[in-house]
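Asks: Below is a structure I'd like to ask you about.
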Amino acid sequence: MRTILTTALLLLLTLSAVNVVAAEKVKVYSVEKGAYIMSEKVEKSESEWRNILTAEQFHVLREEGTEPAFSGKYHDHHGEGVYACAGCGLDLFSSEAKYDSGTGWPSFTEPIDKANIGTKKDRRLFTVRTEVHCVRCGGHLGHVFEDGPEPTGLRYCLNSAALQFEPLE
Ligand SMILES: [Zn+2]
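So the sequence shown is numbered by our numbering: it starts at 347 and just counts up by one.
See the structure below:
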């Protein structure tokens with residue numbers, strides 16, 4: 347009987363270990379490493395997200411909310427560094443690509459690497475916009491528009507609440 351229980355327990359442990367190994371991975375660019383790395387996707391329940399995010403961060407990242415213009419901490423923020431995901435810490439945008447769009451939201455011409463973000467069509471507000479999110483945790487960041495400056499002609503219009511600035515050492 348004891349042997350059967352032990353075997354069952356071992357089987358259970360093995361199965362859960364397999365589960366951990368099977369967690370979906372994404373290829374992303376790491377600024378620190380200066381290279382692409384394989385990183386596990388970050389998946390949390392709603393209550394887990396609520397525990398680690400502020401109410402404002404939760405609203406933007408997990409409910410695709412938009413902070414009021416000129417209200418965030420980064421629209422007029424200058425400094426060299428990386429704007430990482432406030433949900434999972436993934437490197438998303440560099441201060442080198444940041445510019446003053448005058449919109450009241452932090453704006454960038456391009457992400458650190460296209461591999462680090464995802465996009466989808468957003469048909470709310472009676473118009474079609476392109477939504478931008480973090481590829482690792484799925485957190486909503488903002489939208490991308492085609493009225494940005496050269497060289498990309500793109501304007502990544504983001505919410506400060508979705509970002510965490512990390513200054514260059
Ligand atoms: Zn993220």
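Note that beta-carbon positions come from the ideal geometry of N, C-alpha and C, so glycine has one too.
#1: Roughly how many angstroms separate the alpha carbons of R469 and R475, rounded to a whole number?
#2: Which of the three DSSP states is assigned to S376 in this structure?
#3: Can you tell me whether E515 is helix, strand or coil according to DSSP?
#4: Any chance the stretch 495 to 507 sits against the stretch 456 to 471, with 3 or more Cβ pairs inside 8 Å?
#5: Can you tell me which residues fall inside 5 Å of ligand 1, judged by beta-carbon distance to its nearest heavy atom, and keep chain order?
#6: Which same chain residues end up closer than 6 Å to Y382 when comparing Cβ atoms and leaving out the 5 residues on each side of it in sequence?
#7: Assign H479 to one of three DSSP states: helix, strand, or coil.
#8: In terms of residues, what are the limits of the beta strand (DSSP E) holding H423?
#9: By alpha-carbon positions, which one of V478, C431 and A461 ends up nearest to E410?
#10: So what's S440 in DSSP terms, helix, strand or just coil?
#11: Would you give the residue range spanned by the beta strand (DSSP E) that E487 belongs to?
#12: When the Cα atoms are used, what is the spatial distance from E515 to G425?
Replies: Looking at the atomic coordinates:
#1: Along the sequence shown, one-based indexing puts residue 469 at 123. Along the sequence shown, one-based indexing puts residue 475 at 129. Taking the straight line joining both Cα atoms gives about 6 Å.
#2: Counting from one through the sequence shown, the residue named residue 376 turns up at place 30. Note: S376 maps to strand in three-state DSSP.
#3: Working through the sequence shown from its first residue, we reach residue 515 at position 169. The answer is coil: DSSP assigns E515 none of H, G, I, E or B.
#4: yes
#5: C431, G433, C434, L436, C480, R482, C483 and G485
#6: One-based indexing of the sequence shown puts residue 382 at position 36. So the list reads K373 and Y375, once near-sequence residues are dropped.
#7: Numbered from its first residue, the sequence shown carries residue 479 at position 133. Reduced to three states, the DSSP call for H479 is strand.
#8: What you label residue 423 is simply residue 77 of the sequence shown in a count that begins at 1. First-last for H423: undefined, no H or E at that position.
#9: Within the sequence shown, the letter at position 64 stands for residue 410. Considering only alpha carbons, the answer is V478.
#10: Locating residue 440 in the sequence shown gives position 94, counting from the first residue. Of the three classes helix, strand and coil, the one that applies to S440 here is strand, per DSSP.
#11: The sequence position of residue 487 within the sequence shown is 141, counting from 1. The residue asked about is misnamed: residue 487 is Leu in this sequence, not Glu. Per DSSP, L487 belongs to the beta strand (DSSP E) from H486 to F491.
#12: Position 169 of the sequence shown, counting from 1, holds the residue named residue 515. Position 79 of the sequence shown, counting from 1, holds the residue named residue 425. Straight-line Cα distance between these residues: approximately 11 Å.
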